[in-house]
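**Student:**
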């Protein structure tokens, strides 16, 4: 059978490398993909920062309160960025794929897949940042309700985190208990 | 096909990975721009609170910067202290 197909040619070219090189190359691309998740916290925390500035102009007397809520909410929005960073650092410095028995191509693809999976953190980051922004706005308007507002904000952020956790689970499964090998 | 070593493949993939990592900068750019816009709006509404407003805006923007810096760190690690080549 002739293999004039570009994809087959490419896969055969990849398989001409030694196994470890293939896995490490996949891990490098995966680490890069994982960091794309940083988009989410960046947008979300920026929303919170904007609402924080607005809240200070509404209610300058309580600027400390609204700034504190902004920082609390932003800290939660940071988590998916940190999780992506951890996955990237694992892929780079303590690569678990290289010691595993199995096909090199599958393990290389698992490294890329683990990184791709972490991109889901964008959603959690933006959503939690939006909650932080609205929480900051609300505390700026009615500082007396701060405990209730912060509680509701945290509750909503916890729910928004779930998809990010699912992504982390898939990434960890691909890296540590890979079902394909 | 000959002449491409395993090291070259890992380094090529590292270059792609470094570029991908920097895509994270999109978020910090959008977020901080939004904060700057709201900051300008707020100073326009209440000019006498300018100092407080700018302080809160910069504090929040500094937090929004972090994920961009994480992406930069991973890119720099991939480019300059590549740990993967040593594992070959």
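Chains as they are written, first to last, in my numbering: chain D, 218 to 398; chain B, 30 to 117.
Quick reminder that beta carbons are idealized off the backbone N, C-alpha and C, glycines included.
Chain D beta carbons: is any one of them nearer than 8 Å to that of residue 117 of chain B?
**Tutor:** Yes, residue 117 of chain B counts as interfacial toward chain D.
**Student:** Kindly list the residues whose CB is nearer than 7 Å to the CB of residue 54 of chain B, restricted to its own chain and excluding five residues on each side of it in sequence; keep chain order.
**Tutor:** Closer than 7 Å at Cβ, skipping near neighbours: 97, 100.
**Student:** Taking Cβ positions only, does residue 249 of chain D come closer than 8 Å to chain B?
**Tutor:** Chain B, which has a Cβ nearer than 8 Å to the Cβ of residue 249 of chain D, makes this yes.
**Student:** Can the beta-carbon of residue 290 of chain D be found less than 8 Å from the beta-carbon of residue 265 of chain D?
**Tutor:** It is a contact, given that the beta carbons lie within the stated cut-off.
**Student:** 8 Å is my cut-off, CB to CB: does residue 105 of chain B come that close to chain D?
**Tutor:** No, residue 105 of chain B lies away from the interface with chain D (no Cβ there is under 8 Å from its Cβ).
**Student:** When DSSP labels each residue in this structure, what does residue 311 of chain D get in the three-state scheme?
**Tutor:** In the structure shown, residue 311 of chain D sits in coil (DSSP, three-state: anything other than H, G, I, E or B).
**Student:** Do residue 282 of chain D and residue 203 of chain D come within 8 Å of each other at the CB atom, strictly closer than that value?
**Tutor:** Past the boundaries of the shown model lies residue 203 of chain D; chain D is included only from 218 to 398, so the question cannot be answered.
**Student:** Rounded to the nearest angstrom, how far is the Cβ of residue 244 of chain D from that of residue 300 of chain D, given a contact under 8 Å?
**Tutor:** Not quite, the Cβ-Cβ distance comes to about 17 Å (not below 8 Å), so this is no contact.
**Student:** What's the call for residue 111 of chain B, buried or exposed, on a 16-neighbour Cβ count within 10 Å?
**Tutor:** It is buried - the Cβ of residue 111 of chain B has at least 16 other Cβ atoms within 10 Å.
**Student:** Check whether chain B comes within 8 Å of residue 384 of chain D, counting only Cβ atoms and requiring the distance to be less than that.
**Tutor:** So no, residue 384 of chain D is outside the interface.
**Student:** On the DSSP letters alone, give me the boundaries of the alpha helix (DSSP H) that residue 362 of chain D sits inside.
**Tutor:** No alpha helix (DSSP H) holds residue 362 of chain D; DSSP gives it neither H nor E.
**Student:** If you draw a straight line from the alpha carbon of residue 261 of chain D to that of residue 81 of chain B, how long is it in whole angstroms?
**Tutor:** Each residue's alpha carbon lies about 21 Å from the other.
**Student:** Since residue 78 of chain B is in the alpha helix (DSSP H), which residue starts that stretch and which ends it?
**Tutor:** Element bounds for residue 78 of chain B: n/a, residue is neither H nor E.
**Student:** Buried or exposed for residue 30 of chain B, please, with buried defined as at least 16 other CB atoms from any protein chain shown within 10 angstroms of its CB.
**Tutor:** The pLDDT assigned to residue 30 of chain B is 48, lower than 50, so where the model puts this residue is not dependable, and the model offers no usable value.
**Student:** Can residue 60 of chain B and residue 270 of chain D be called in contact, C-beta distance under 8 Å?
**Tutor:** No; because the gap between Cβ atoms is not below 8 Å, this pair is not in contact.
**Student:** Comparing the C-beta of residue 11 of chain B with each C-beta of chain D, is any distance below 8 Å?
**Tutor:** One cannot answer for residue 11 of chain B here, as it falls past the ends of chain B, which runs 30 to 117.
**Student:** State yes or no: is the C-beta of residue 394 of chain D within less than 8 Å of the C-beta of residue 52 of chain B?
**Tutor:** For residue 394 of chain D and residue 52 of chain B, no; Cβs fall outside 8 Å.
**Student:** Who are the neighbours of residue 262 of chain D on chain B, taking C-beta pairs under 7 Å?
**Tutor:** Residues of chain B passing the Cβ test: 60, 89, 92, 93.
**Student:** By Cβ distance below 7 Å, which residues in the same chain neighbour residue 347 of chain D in space, the five residues on each side in sequence not counted?
**Tutor:** Once the five neighbours on either side are set aside, the close Cβ partners of residue 347 of chain D are 261, 264.
**Student:** Looking only at its own chain, which residues have a Cβ that is under 6 Å from the Cβ of residue 356 of chain D, when we skip the five neighbours before and after it?
**Tutor:** Closer than 6 Å at Cβ, skipping near neighbours: 282, 283, 286, 363, 366.
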